[in-house]
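Asks: Counting in the UniProt record's numbering, the sequence shown runs from 1 upward without gaps. This is the structure I have questions about; it appears just below.
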Amino acid sequence: MKHSLRSQLKHPVHPRTQELTSLHWVAQKQKDHLVEIQEALANMHKKLTETSETKREQARKCQAVRSGIVLINFSLGDFVLVGQVRSRSNKLAIHWKGPRRVVKILNDYTFEVQNMVKPFGIQVVHNSRIRLYAEAGRDVTEDLVQHIIHGEGSHLVERFIECQFGRELRAWDIKVKWFGLDEIKASWEPACIMLEGQPGPVETFVEEHQIDTLVQTMVQALNVRGAEQVA
């Protein structure tokens with residue numbers, strides 16, 4: 001039996017059963033559908049993130065194997081030498097200073113070490129920038145090329161320095177200063193990846209560069225939170 005136009009406005013017809021429903025039923029179905037879509041997108045994003053991280057970890061391990069790199073497991077209280085980058089005869093070199101003591105383990109890659117003399121300063125250093133004191137002489141200088149840091153993505157972000165638009169890939173990049181590494185080892189990383197994994201530091205970078213037109217352009221392109229503060 002055909003339903004009147006007025007009744008269809010109040011009680012929409014089910015598209016398959018042709019039975020009368022209610023506006024509340026329609027609204028609820030729409031909400032349920034949106035929830036299903038959001039859950040599907042969240043699961044897809046989670047899988048993509050896990051796959052990306054797995055590939056990055058595999059790449060780091062393969063690179064370490066090819067290069068013969070072995071990260072040393074330092075312990076609290078270990079006496080170590082700390083490598084500092086210096087320029088020598090138009091070449092970059094590492095100058096080993098110490099001994100110093102490991103006072104805190106931040107993760108497998110970064111440590112806090114303390115000077116053994118006043119003022120007993122503490123600094124954060126990367127695994128590749130320290131070595132056990134018993135393994136090498138004091139104040140030994142070696143070519144930096146022998147200590148290239150591998151495992152991109154394994155470091156902790158200290159701060160962002162500047163941004164640029166990469167014309168080759170047509171994507172935004174941010175220059176990253178890593179915890180425990182000298183500023184000369186700062187690297188350009190995809191801004192979208194940094195925004196996803198380090199939203200807080202990115203927003204801080206945006207706030208600190210409010211008059212930088214290049215940063216403003218990146219903010220608008222990536223829809224960074226806090227854009228209204230920059231505009």
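Ideal placement from N, C-alpha and C gives every residue a C-beta, glycine not left out.
In this structure, does DSSP put Ala221 in helix, strand or coil?
Replies: Along the sequence shown, one-based indexing puts residue 221 at 221. Helix at Ala221.
Asks: Enumerate, from N- to C-terminal direction, the unbroken alpha helix (DSSP H) stretches of 4 or more residues contained entirely within the region 182 to 222.
Replies: If we require 4 residues or more, the alpha helix (DSSP H) runs fully inside the region 182 to 222 come out as 191 to 197, 199 to 208, 213 to 222.
Asks: Starting from the Cα of Met218, find the closest Cα among Gln30, Asn127, Gln164, Glu207 and give me that residue.
Replies: The residue given as residue 218 occupies position 218 in the sequence shown. It is Gln164 whose Cα lies nearest to the Cα of Met218.
Asks: Would you identify the three-state DSSP class for Thr110, choosing helix, strand or coil?
Replies: As a first step, residue 110 is located in the sequence shown; it is residue number 110 there, counting from the start. Three-state result, Thr110: strand.
Asks: In this structure, what does DSSP give as the bridge partners for Gln164?
Replies: Counted from its first residue, the sequence shown places residue 164 at position 164. Gln164 pairs with Asp173.
Asks: If we count the other Cβ atoms within 10 Å of its Cβ and call it buried at 16 or more, is His33 buried or exposed?
Replies: Taking the first residue of the sequence shown as position 1, residue 33 is located at position 33. Classification of His33: exposed, given that the 10 Å Cβ count is below 16.
Asks: How is the beta strand (DSSP E) around Arg131 delimited, first residue to last?
Replies: On the sequence shown, residue 131 is found 131 positions in, with the first residue counted as 1. Residues 130 to 132.
Asks: Thinking residue 238 and Trp178 are a contact (beta carbons under 8 Å), I'd like their distance in whole angstroms, please.
Replies: Summary: the structure shown does not reach residue 238, with the chain confined to residues 1 through 231, and so no result is reported for it.
Asks: In whole angstroms, what separates the C-alpha of Asn73 from that of Gln123?
Replies: By one-based count along the sequence shown, residue 73 stands at place 73. By one-based count along the sequence shown, residue 123 stands at place 123. The straight-line gap from Cα to Cα measures roughly 18 Å.
Asks: Report yes if the CB atom of Val82 is closer than 7 Å to the CB atom of Val125, and no otherwise.
Replies: In the sequence shown, residue 82 corresponds to position 82, counting from 1. In the sequence shown, residue 125 corresponds to position 125, counting from 1. Yes, the pair counts as a contact, with Cβ atoms nearer than the cut-off.
Asks: State the start and end residues of the unbroken beta strand (DSSP E) segment that holds Ile122.
Replies: One-based indexing of the sequence shown puts residue 122 at position 122. Per DSSP, Ile122 belongs to the beta strand (DSSP E) from 122 to 126.
Asks: To the nearest angstrom, how far is it from the Cα of Ile41 to the Cα of Lys31?
Replies: Taking the sequence shown and counting its residues from 1, the one referred to as residue 41 is at position 41. Taking the sequence shown and counting its residues from 1, the one referred to as residue 31 is at position 31. Note on residue identity: the sequence assigns Leu, not Ile, to residue 41. For Leu41 and Lys31, the distance between alpha carbons rounds to 15 Å.
Asks: With the cut-off set at 7 Å, would you say residue 249 and Asp78 are in Cβ contact?
Replies: Look at the range of the chain in this structure, 1 to 231, and you will see that residue 249 is not part of it.
Asks: Contact check, Val224 vs Phe160 under 8 Å by CB: the rounded distance?
Replies: By 1-based counting over the sequence shown, the position of residue 224 is 224. By 1-based counting over the sequence shown, the position of residue 160 is 160. Not quite, the Cβ-Cβ distance comes to about 12 Å (not below 8 Å), so this is no contact.
Asks: For Asn73, does the three-state DSSP call read helix, strand or coil?
Replies: As a working mapping, residue 73 is identified with position 73 in the sequence shown. In this structure, Asn73 counts as coil in the three-state DSSP scheme.
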